[in-house]
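Undergrad: Going left to right, the sequence shown walks through residues 3 to 354 as this note's numbering numbers them.
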Amino acid sequence: MKLRKNLEQIKPYIAGKLKEGAIKLASNENPSGSSPKAIESIREFLDKVYLYPDSRCAELKTKLARKCGISEEMLILGNGSDEILLFIAGAYIEQGRNAVTSEATFSEYTFATILFGGSMKYAKMTDLRYDLDNLLRIIDENTQVIFIANPNNPTGTYVTQSELTHFMGNIPDYMLVVIDEAYVEYVKESDFPDTLSLFQQYNNLLILRTFSKLYGLAGLRIGYGIGSPQVIGDLHKTKEPFNVNAVAQAAALGALDDHEFVEKTLKINQAGKEYLYREFDAMNLQYWKSAANFILVRTGMDCMKVFNILMDQGVTIRPLPVCGYTDTIRVTIGTMEQNELFIRLLKDLPGK
Ligand SMILES: Cc1ncc(COP(=O)(O)O)c(C=O)c1O
């Protein structure tokens, strides 16, 4: 068999290793579990799983449209927001075309682009933040899609409303700008972009969101995209009919009503963030202020070594060398008990 040429560049995704019984602070999941209202909806739905799911996700679209103040034809649902990245590349990328993103960002943008025969160009960051002027500089006449993770994974940093507005004003309207807001619900910063109003102005903006993080439904795989009816129509051409399973749709409907769980999750995240910042400061470790539910921190030791030592002691984090640093790890903010254990182990690292 002859593998397609562009696939030679793709290395299969290797999920983080997990030790039996270890506390997982490696994938930015919700340490409080899943929304109880989502679980209730799943239970109520179980005797209906012999039916195919609603391929249009109609009920969920109605609820999301109301929540976001948009119309239903501006929505597309995916098997995780990861799948919507594939729709985007499937609709707009082919050989000879490229996409643009930043260094040190979410790897699936590159995967989707290469899968459909395109190439990816990376802009340099400034202080581990997306530098939108650098993105503007590397765009060329073959660029079709620009991917911006906001807040960014793994740095936790974000681009501001004024940076994004200036950027959009300089982008030709045939290029799609994807703002991946997987962590948007955690953001408290007042200069964070209000993309839902920006997007009334720009037809070439697509916003991605997910039920994986705040609502604790990562295992069910459900996310959504918000864009102009034209873009959403293009994306629907690449979607297989039953991409979002019925249990995930039921769970998402329940989760959207779970204000109590959302409040609890955000409280735990904020308290955990403040605790970790305090501890990192006390240990003199460099870290980046995060607008999300994880923090990138330099431990002063090779990140793979830190990963192995912590995993042996029962905590998994993500070792992630970024922008020339080899000692950076990304830790998900856990429950206070989990955070305290992580800090105890960090203090016990050799040389600390
Ligand atoms: C920036 C970013 N986008 C998208 C995703 C994928 O989310 P989903 O679980 O909805 O596919 C993640 C998951 O970690 C992420 O960090």
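Glycine is no exception: its CB is placed at the ideal position from the N, C-alpha and C atoms.
Any heavy atom of ligand 1 closer than 7 Å to the CB of A284?
TA: Position 282 of the sequence shown, counted from the first residue, corresponds to residue 284. Not so, every heavy atom of ligand 1 lies at least 7 Å from the Cβ.
Undergrad: Less than 7 Å separating the Cβ of D142 from some heavy atom of ligand 1?
TA: Numbered from its first residue, the sequence shown carries residue 142 at position 140. No, ligand 1 has no heavy atom inside 7 Å of this Cβ.
Undergrad: Could you check where the beta strand (DSSP E) with M303 kicks off and where it finishes?
TA: Indexing the sequence shown from 1 puts residue 303 at position 301. That residue, M303, is in no beta strand (DSSP E); it is neither H nor E in DSSP.
Undergrad: Once DSSP output is grouped into helix, strand and coil, what is the label at F296?
TA: Position 294 of the sequence shown holds residue 296. Three-state DSSP puts F296 in a strand.
Undergrad: Using a Cβ-Cβ cut-off of 7 Å (strictly less than) and excluding sequence neighbours within five positions of S57, which residues of its own chain qualify?
TA: Stepping through the sequence shown from its first residue, residue 57 is reached at position 55. Closer than 7 Å at the Cβ level, and outside the excluded window around S57, lie P243 and F244.
Undergrad: Taking its Cβ as the centre, do 16 or more other Cβ atoms sit within 10 Å of S109, making it buried, or is it exposed?
TA: One-based indexing of the sequence shown puts residue 109 at position 107. With fewer than 16 other Cβ atoms within 10 Å, it is exposed.
Undergrad: For I228, count neighbouring C-beta atoms within 10 Å of its own C-beta (all shown protein chains included) and say buried if the count is 16 or more, exposed if not.
TA: Here residue 228 refers to the residue found at position 226 of the sequence shown. Per the 10 Å Cβ criterion, buried.
Undergrad: Tell me the residue span of the beta strand (DSSP E) that contains S199.
TA: Within the sequence shown, the letter at position 197 stands for residue 199. According to the DSSP assignment, S199 belongs to no beta strand (DSSP E) but to the alpha helix (DSSP H) extending over T197 to Q203.
Undergrad: P352: buried (16+ other C-beta within 10 angstroms of its C-beta) or exposed?
TA: Locating residue 352 in the sequence shown gives position 350, counting from the first residue. Under this definition P352 is an exposed residue.
Undergrad: Can you say whether A284 is buried or exposed, counting buried as having 16 or more other CB atoms within 10 angstroms of its CB?
TA: Here residue 284 corresponds to residue number 282 of the sequence shown, with the count starting at 1. Result: exposed.
Undergrad: Which residues are close to ligand 1, meaning CB closer than 5 Å to any heavy atom, in chain order?
TA: For ligand 1, the selected residues are G82, S83, D84, F108, A151, N155, D182, A184, T212, S214 and G225.
Undergrad: Assign P55 to one of three DSSP states: helix, strand, or coil.
TA: In the sequence shown, the residue the question calls residue 55 occupies position 53. Of the three classes helix, strand and coil, the one that applies to P55 here is coil, per DSSP.
Undergrad: Whole angstroms are fine: how far does the CA of G326 sit from the CA of D367?
TA: Here the chain covers residues 3 to 354 and nothing more, so residue 367 does not appear.
Undergrad: Taking just the CA atoms, how far does D129 sit from S199?
TA: Working through the sequence shown from its first residue, we reach residue 199 at position 197. Working through the sequence shown from its first residue, we reach residue 129 at position 127. The alpha-carbon atoms of S199 and D129 are separated by roughly 28 Å.
Undergrad: Give me, in chain order, the residues of the same chain whose beta-carbon lies closer than 6 Å to that of A93; leave out the 5 immediate sequence neighbours on both sides.
TA: As a first step, residue 93 is located in the sequence shown; it is residue number 91 there, counting from the start. Here the set comprises D236, L237 and T240.
Undergrad: Within 10 Å of its beta-carbon, does L9 have 16 or more other beta-carbons around it, so buried, or fewer, so exposed?
TA: For the purposes of this step, residue 9 is taken as the residue at position 7 of the sequence shown. Counting Cβ neighbours within 10 Å, L9 comes out exposed, since fewer than 16 surround it.
Undergrad: Have a look at N155 and A101 and give me their C-alpha separation to the nearest angstrom.
TA: Numbered from 1 along the sequence shown, position 153 holds the residue referred to as residue 155. Numbered from 1 along the sequence shown, position 99 holds the residue referred to as residue 101. So the two alpha carbons sit approximately 18 Å from each other.
Undergrad: Can you tell me whether A248 is buried or exposed? The criterion is at least 16 other CB atoms within 10 Å of its CB, across all chains shown.
TA: Position 246 of the sequence shown holds residue 248. Answer is buried; the Cβ neighbour count reaches 16.
Undergrad: For Q251 and S214, what's the separation of their Cα atoms in angstroms?
TA: For this step, residue 251 is matched to residue 249 along the sequence shown. For this step, residue 214 is matched to residue 212 along the sequence shown. Going by the C-alpha atoms only, they are around 13 Å apart.
Undergrad: Among residues of its own chain, excluding the 5 on either side of E74, which ones have a beta-carbon nearer than 7 Å to its beta-carbon?
TA: For the purposes of this step, residue 74 is taken as the residue at position 72 of the sequence shown. These residues qualify, in order along the chain: K63, T64 and A67.
Undergrad: Is the CB-CB distance between I319 and R300 below 8 Å?
TA: What you label residue 319 is simply residue 317 of the sequence shown in a count that begins at 1. What you label residue 300 is simply residue 298 of the sequence shown in a count that begins at 1. Cβ atoms of I319 and R300: not closer than 8 Å.
Undergrad: Hey, would you say F118 sits closer than 8 Å to E96, going by beta carbons?
TA: Counting from 1 along the sequence shown, the entry for residue 118 is found at position 116. Counting from 1 along the sequence shown, the entry for residue 96 is found at position 94. Going by C-beta atoms, F118 is nearer than 8 Å to E96.
Undergrad: How many angstroms separate the CA atom of N195 from the CA atom of I297?
TA: Along the sequence shown, read from residue 1 onward, the residue named residue 195 stands at position 193. Along the sequence shown, read from residue 1 onward, the residue named residue 297 stands at position 295. The residue asked about is misnamed: residue 195 is Pro in this sequence, not Asn. Taking the straight line joining both Cα atoms gives about 20 Å.
Undergrad: Please classify P321 as buried or exposed, where buried requires at least 16 neighbouring CB atoms within 10 angstroms.
TA: Position 319 of the sequence shown holds residue 321. With 16 or more Cβ atoms within 10 Å of its Cβ, P321 is classed as buried.
Undergrad: Kindly indicate the opening and closing residues of the alpha helix (DSSP H) around Q315.
TA: The count along the sequence shown starts at 1 and reaches residue 315 at position 313. Boundaries for Q315: no alpha helix (DSSP H) harbours it, and the DSSP string shows neither H nor E there.
Undergrad: Considering G256, what are the terminal residues of the alpha helix (DSSP H) in which it resides?
TA: Taking the sequence shown and counting its residues from 1, the one referred to as residue 256 is at position 254. Here the alpha helix (DSSP H) through G256 covers A248 to A257.
Undergrad: Which one of Q340, R346 and D350 has the shortest CA to CA distance from G23?
TA: For the purposes of this step, residue 23 is identified with residue 21 of the sequence shown, where counting begins at 1. Here the closest residue by C-alpha is Q340.
Undergrad: Pop quiz: F89 and L134 are said to be a contact at Cβ under 8 Å. What is the actual Cβ separation, rounded to whole angstroms?
TA: Translated into positions along the sequence shown, residue 89 becomes position 87. Translated into positions along the sequence shown, residue 134 becomes position 132. F89 to L134, Cβ: 24 Å. No contact.
Undergrad: Cβ of G218 within 8 Å of Cβ of G35?
TA: In the sequence shown, counting from the first residue as 1, residue 218 sits at position 216. In the sequence shown, counting from the first residue as 1, residue 35 sits at position 33. Yes, the pair counts as a contact, with Cβ atoms nearer than the cut-off.
Undergrad: Please confirm whether I234 and L77 have their CB atoms less than 8 Å apart.
TA: Here residue 234 refers to the residue found at position 232 when the sequence shown is read from its first residue. Here residue 77 refers to the residue found at position 75 when the sequence shown is read from its first residue. Closer than 8 Å, so yes.
Undergrad: Give the straight-line distance between the Cα atoms of K50 and I345, rounded to the nearest whole angstrom.
TA: Start at 1 with the first residue of the sequence shown, and residue 50 comes out as number 48. Start at 1 with the first residue of the sequence shown, and residue 345 comes out as number 343. Going by the C-alpha atoms only, they are around 45 Å apart.
Undergrad: Could you tell me which of M338, K349 and V324 sits nearest to A106, measuring between CA atoms?
TA: To locate residue 106, count along the sequence shown from 1; it is residue 104. Of the candidates M338, K349 and V324, the one whose C-alpha sits nearest the C-alpha of A106 is V324.
Undergrad: Out of curiosity, what's the CA-to-CA distance linking E191 and M338?
TA: The count along the sequence shown starts at 1 and reaches residue 191 at position 189. The count along the sequence shown starts at 1 and reaches residue 338 at position 336. Approximately 23 Å between the Cα atoms of the pair.
Undergrad: In chain order, what residues of the same chain have a beta carbon less than 6 Å from the beta carbon of G80, not counting five sequence neighbours either side?
TA: Start at 1 with the first residue of the sequence shown, and residue 80 comes out as number 78. Correct list, in chain order: I86 and G225.
Undergrad: Any idea if A40 is buried or exposed, counting beta-carbon neighbours within 10 angstroms, 16 or more meaning buried?
TA: The residue given as residue 40 occupies position 38 in the sequence shown. Buried, since its Cβ has 16 or more Cβ neighbours within 10 Å.
Undergrad: Hey, A184 and L222 are a contact pair by Cβ (cut 8 Å); roughly how many whole angstroms apart?
TA: As a working note, residue 184 is residue 182 in the sequence shown. As a working note, residue 222 is residue 220 in the sequence shown. Actually they do not touch by this definition, with Cβ atoms about 15 Å apart.
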